[in-house]
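Beneath this line is the structure, given in structure tokens, with notes to follow.
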Amino acid sequence: MPKLRMTGRGLWITVLLAPPLAFVALFIVYPIIAAFAYAFFDWQGLMRGEFSWLDNFHTVLFVEPYASWTRNAFTHNIMVFFALLVLQNGLGFLLAYALWRDMPGARFHRVAVFLPVVLSTIIVGYLWKLFLHPLFGVVNQSFRGLGMPWLAQPWLGQDSTALWALIFANAWHMVGFPTLVFLAGMQRIPTEILDAARMETQSEWVKITKIVWPLCAPSATIVFVLLFVGAFNWFELPYIMAGLDGSPYGSTDVLGLYFYRTAFGNVSSGQQDFGLGSALAVLIFVFIAVVASIITVRLRSREIEL
Amino acid sequence: MNKTIIRLGAAMGALLVALPVMAQDLTFWSWRQEDRAQYEQFIDTFEAANPGITVKFETFEAANYNTILSTALAGGTGPDLMMVRAYGGMENVASAGYLEPLTVEAIPALADFAPSALAAETMRSDQTLYAVPFASQTQLVIYNKGIFDANGITEPQTWDELIAASQKLKDAGIMPFANGTATAWQNETIVGDLVSSIMGKGFYDDLIAGKADFTDPRYVEALAKLKEISAYFPDGFIGLDYPSAQQLFSSGMAAMFAGGSYELATFKTQNPDIELGVFAAPGKTAEDEKLVAIYYDGGYAANAHGANKEAALKFLNYVASLEFGQAFANTLNNISTVPGVTFENPLLAEIAELNTSAIPYLMLVHFRYGEPSGSVLLQAEVQKLLAGQTTPEAAGAAVTEGLKAWYEPFQK
Numbered sequence: 001m002p003k004l005r006m007t008g009r010g011l012w013i014t015v016l017l018a019p020p021l022a023f024v025a026l027f028i029v030y031p032i033i034a035a036f037a038y039a040f041f042d043w044q045g046l047m048r049g050e051f052s053w054l055d056n057f058h059t060v061l062f063v064e065p066y067a068s069w070t071r072n073a074f075t076h077n078i079m080v081f082f083a084l085l086v087l088q089n090g091l092g093f094l095l096a097y098a099l100w101r102d103m104p105g106a107r108f109h110r111v112a113v114f115l116p117v118v119l120s121t122i123i124v125g126y127l128w129k130l131f132l133h134p135l136f137g138v139v140n141q142s143f144r145g146l147g148m149p150w151l152a153q154p155w156l157g158q159d160s161t162a163l164w165a166l167i168f169a170n171a172w173h174m175v176g177f178p179t180l181v182f183l184a185g186m187q188r189i190p191t192e193i194l195d196a197a198r199m200e201t202q203s204e205w206v207k208i209t210k211i212v213w214p215l216c217a218p219s220a221t222i223v224f225v226l227l228f229v230g231a232f233n234w235f236e237l238p239y240i241m242a243g244l245d246g247s248p249y250g251s252t253d254v255l256g257l258y259f260y261r262t263a264f265g266n267v268s269s270g271q272q273d274f275g276l277g278s279a280l281a282v283l284i285f286v287f288i289a290v291v292a293s294i295i296t297v298r299l300r301s302r303e304i305e306l
Numbered sequence: 001m002n003k004t005i006i007r008l009g010a011a012m013g014a015l016l017v018a019l020p021v022m023a024q025d026l027t028f029w030s031w032r033q034e035d036r037a038q039y040e041q042f043i044d045t046f047e048a049a050n051p052g053i054t055v056k057f058e059t060f061e062a063a064n065y066n067t068i069l070s071t072a073l074a075g076g077t078g079p080d081l082m083m084v085r086a087y088g089g090m091e092n093v094a095s096a097g098y099l100e101p102l103t104v105e106a107i108p109a110l111a112d113f114a115p116s117a118l119a120a121e122t123m124r125s126d127q128t129l130y131a132v133p134f135a136s137q138t139q140l141v142i143y144n145k146g147i148f149d150a151n152g153i154t155e156p157q158t159w160d161e162l163i164a165a166s167q168k169l170k171d172a173g174i175m176p177f178a179n180g181t182a183t184a185w186q187n188e189t190i191v192g193d194l195v196s197s198i199m200g201k202g203f204y205d206d207l208i209a210g211k212a213d214f215t216d217p218r219y220v221e222a223l224a225k226l227k228e229i230s231a232y233f234p235d236g237f238i239g240l241d242y243p244s245a246q247q248l249f250s251s252g253m254a255a256m257f258a259g260g261s262y263e264l265a266t267f268k269t270q271n272p273d274i275e276l277g278v279f280a281a282p283g284k285t286a287e288d289e290k291l292v293a294i295y296y297d298g299g300y301a302a303n304a305h306g307a308n309k310e311a312a313l314k315f316l317n318y319v320a321s322l323e324f325g326q327a328f329a330n331t332l333n334n335i336s337t338v339p340g341v342t343f344e345n346p347l348l349a350e351i352a353e354l355n356t357s358a359i360p361y362l363m364l365v366h367f368r369y370g371e372p373s374g375s376v377l378l379q380a381e382v383q384k385l386l387a388g389q390t391t392p393e394a395a396g397a398a399v400t401e402g403l404k405a406w407y408e409p410f411q412k
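So the sequences go chain by chain: A and B.
Read in order, the letters of the first sequence correspond to residues 1 to 306 in full-length UniProt numbering.
Read in order, the letters of the second sequence correspond to residues 1 to 412 in full-length UniProt numbering.
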């Protein structure tokens, strides 16, 4: 071990390292630890009260009405995750394959598919809210125009369709992202491997399942983990399209909205409770961190070095 | 020589002490961005009458106002004066001890304010007033006079007349009501707007006395009537959000809007030509008292730890004065809580008249002090009811059951 002398190089390194370390400690480490600490106190609005051990965690997990709110929101997050897995990542893979195979108009479609990703979530939320408007929305207008008025639904107003409408809007918005990642992955596949495969079979299905998909594993890992984190942190789109309450009657409630409502209150109905909100935030954070790590490790192990 | 220096020193010292008194800068926080011009005017009037005090008006986004305000107060950077919300929203801020308690000695004009107005800014636990209430809001039915006249409809006197009028409009190809219920809080307002007269004062009194809960037949009937009238809301109204419902009404596509007195200014802005009328939704018979639902919006409060408390109290005395109340009513088109204010605007005068027979806007006034709040429960149950997912009986029972978690009179 080199001697730690505060001269020359050592001093220089210390001086250079100290500010960024202090910055990280103050603005990243401290807030995270503080949020953890908040969860263990009893709060009156924003006034901190007694240290209350695990009471807040117990309340959000096991005491009604919080317990059923938590369950409801969590279930929706899981639904969102699996639905987007198919609609966003699955479709993204197929789109990427089509683009990669240079089908007619691939150049145009590469831009078209990625364009919505560039839009801000706020714009996409309002746009789809307008599209799905029960009276003037382009969706219902089209169904009526096509002579299928029974398909014109109040999409965002009924529990059977509201969450799916949000999922669909999200997939429309973000499908370009997995597409791009998969496309990049596919372009890394060496042509020799593909030529070799072409000698063996003409079936696209076999090529996709035996060659392309396994060799795209690193891309799959990335989009899968990002989707998982995104699905459990889902907030903007439901906030814009359904409102803080997860209207109608909680059928679009997700952990993000529920956390915000609990911690900061809701003008028209709720109270603010920082302790319960922080407890929820900690639970969400721990859940995402643990599951995302497990997924990453598991998926990494099946990746193939090229 | 020595004496001169001492005298000079004393004079300088006095000046230094006097300086803060001579120029007192107050900051005043509000969530009413849209009223900035009018508030600047009120402040000019105040500053002219109180030389040496300047008030700086700052606004913040309404939805996050309470969060911003309580964070600032907790961090010691809060304003000297502020608008606070009423009821539970006010208690959130006041319970932490940030607000200056107000007394009739400090603000004599408060003695004549309506007790219900003062109650809105009084914390229940210590029975102390923390803010000067500024406006009341009334939940009622707003209608388009032009459409009513063209179809030969007059303000209904009974529930059946209201239904008949709605049917007549529907047959004429006009949407009777513009309301939509996709925005959660709209499900609570329509209860106050449309069926206050059906539940009646008797129910309200029994409820507050602990003799009735929301399974009471009078309340269940009110919800049933709400379901009945919802047949005259637009197609797909359960997916219709609040801003587009407002547009349907102000554009003249719908004849009525069940809403609050706060809508009037919006409708006038969206369509300056629209001729508005208001009425209290009727009860079953013409003899039943026609009730509107009333609540108070918020109040003006002073920071308990502010540096210029004396000047802040002067300002609070000003906003409790008839002069301010009158200016507030005239320029902001709101029902001022200051007693003795007269209304230039005939519509406001009519609402002030309707306010004399009213019940409080129930959930906001009495059931937002615990989780789950009555508002959260009612909004969800009405949304279910109108979507055909529950019955009036079950909705009333669910609200009662939910409130049992913290509302003691129901726990028996």
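Quick reminder that beta carbons are idealized off the backbone N, C-alpha and C, glycines included.
Since the model is a prediction, treat every value here as computed from it, not as a measurement.
If you measure from the beta carbon of residue i to each beta carbon in chain B, is any gap under 7 angstroms?
| i | result |
| --- | --- |
| residue 248/A | yes |
| residue 100/A | no |
| residue 257/A | no |
| residue 141/A | no |
Run down chain A in chain order and give the residues with a C-beta less than 7 angstroms from the C-beta of residue i.
| i | result |
| --- | --- |
| residue 372/B | 65 |
| residue 238/B | 154, 157, 158 and 248 |
| residue 88/B | 271 |
| residue 244/B | 133 |
Please report how far the alpha carbon of residue i lies from the alpha carbon of residue j, in whole angstroms.
| i | j | result |
| --- | --- | --- |
| residue 20/A | residue 234/B | 59 angstroms |
| residue 153/B | residue 61/A | 55 angstroms |
| residue 255/A | residue 41/A | 21 angstroms |
| residue 97/B | residue 382/B | 36 angstroms |
| residue 277/B | residue 288/B | 21 angstroms |
| residue 21/B | residue 37/B | Here the model assigns residue 21/B a pLDDT of 48, short of 50, so the residue's position is not dependable and the matter cannot be decided. |
| residue 168/B | residue 338/B | 41 angstroms |
| residue 296/B | residue 66/B | 17 angstroms |
| residue 144/A | residue 158/A | 19 angstroms |
| residue 148/B | residue 61/B | 37 angstroms |
| residue 198/B | residue 266/B | 28 angstroms |
Please confirm if residue i has its CB atom under 7 angstroms from at least one CB of chain A.
| i | result |
| --- | --- |
| residue 184/B | yes |
| residue 95/B | yes |
| residue 137/B | no |
| residue 380/B | yes |
| residue 387/B | yes |
Assuming residue i is part of the beta strand (DSSP E), what are its boundary residues?
| i | result |
| --- | --- |
| residue 85/B | 81–85 |
| residue 25/B | 24–30 |
| residue 43/A | 41–44 |
| residue 54/B | 53–59 |
| residue 144/B | 135–144 |
| residue 176/B | 175–177 |
| residue 30/A | It is not in any beta strand (DSSP E) - residue 30/A instead sits in the alpha helix (DSSP H) that spans 30–38. |
In chain A, what lies closer than 9 angstroms to residue i by C-beta?
| i | result |
| --- | --- |
| residue 234/B | 134 and 135 |
| residue 384/B | 159, 248 and 249 |
| residue 325/B | The contacting residues do not exist; residue 325/B stays about 25 angstroms from chain A at best. |
Along chain B, in chain order, which residues have C-beta atoms closer than 7 angstroms to that of residue i?
| i | result |
| --- | --- |
| residue 264/A | 67 |
| residue 299/A | Simply none; closest approach about 39 angstroms. |
| residue 243/A | 183 and 184 |
For a test of the three-state rule: what should DSSP assign to residue i, helix, strand or coil?
| i | result |
| --- | --- |
| residue 261/A | helix |
| residue 21/B | Because the pLDDT at residue 21/B is just 48, under 50, the model does not fix this residue reliably, and the value given afterwards should be weighed accordingly. DSSP places residue 21/B in helix when its eight states are reduced to three. |
| residue 355/B | coil |
| residue 54/A | coil |
| residue 151/B | coil |
| residue 181/B | coil |
| residue 424/B | This structure does not reach residue 424/B, given that chain B is present from 1 up to 412, and the question cannot be answered. |
First and last residue of the alpha helix (DSSP H) that includes residue i?
| i | result |
| --- | --- |
| residue 307/A | Any answer about residue 307/A is impossible in this case: the structure gives chain A only from 1 up to 306. |
| residue 246/A | Unbroken run through residue 246/A: none, as it is neither H nor E. |
| residue 139/A | 138–145 |
Identify the contact partners of residue i in chain A, using a Cβ-Cβ distance below 8 angstroms as the criterion.
| i | result |
| --- | --- |
| residue 405/B | 64 and 65 |
| residue 402/B | 65 |
Below 9 angstroms on C-beta distance, what does residue i contact in chain B?
| i | result |
| --- | --- |
| residue 195/A | None at all; the shortest Cβ gap to chain B is about 54 angstroms. |
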